[in-house]
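Quick note, the sequence shown lines up with residues -4 to 77 if you use our numbering. Backbone N, C-alpha and C fix where the C-beta goes; we use that ideal spot for every residue, glycine too. Just so we're clear, the structure is a prediction, and the values are computed from it rather than from any experiment.
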Amino acid sequence: MNSYARLVKIIADMAIFLEFSDEESLDPDIAVGMMESIAAELQLISLDDKKKVANTFYLVSKVYQGDRAVYIKQLSESLGLI
């Protein structure tokens, strides 16, 4: 995995944490706010970079299993990259 893919995986790991943590571990409003912040920052990158990030989310999704893999495959759309 190259450095670019590792950076995208960090975003994926954070998104998984925010999505799959229970309410006792993480306030849902805080989780939603952070996901909105991540999405807003990603909206500022170029169209080419959005495509690269989206493709890399798909590739990185293979590292995960089950619901987490499905979630990461769909993350590009959830974050408004595609």
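Cβ neighbours of residue i in the same chain (closer than 7 Å, five flanking residues each side left out)
{"i": "residue 77", "result": "49, 71"}
{"i": "residue 66", "result": "11, 14"}
{"i": "residue 2", "result": "none"}
Distance between beta carbons of residue j and residue i, contact taken as under 8 Å
{"i": "residue 73", "j": "residue 64", "result": "In fact, because the Cβ distance is near 14 Å, the residues do not count as touching under 8 Å."}
Spatially closest choice to residue i from the options, by CA coordinates
{"i": "residue 53", "options": "32, 22, 69, -3", "result": "69"}
{"i": "residue -1", "options": "61, 45, 59, 60", "result": "45"}
{"i": "residue 42", "options": "2, 75, -4", "result": "75"}
{"i": "residue 36", "options": "58, -4, -3, 6", "result": "6"}
Same chain, Cβ closer than 8 Å to residue i, five either side skipped, listed in chain order
{"i": "residue 9", "result": "29, 33"}
{"i": "residue 60", "result": "none"}
Same chain only: Cβ atoms within 6 Å of residue i, ignoring 5 sequence neighbours per side
{"i": "residue 22", "result": "none"}
{"i": "residue 4", "result": "55"}
Below-8 Å beta-carbon distance, residue i vs any chain B residue
{"i": "residue 5", "result": "Absent from the structure is chain B; it holds one protein chain and no more."}
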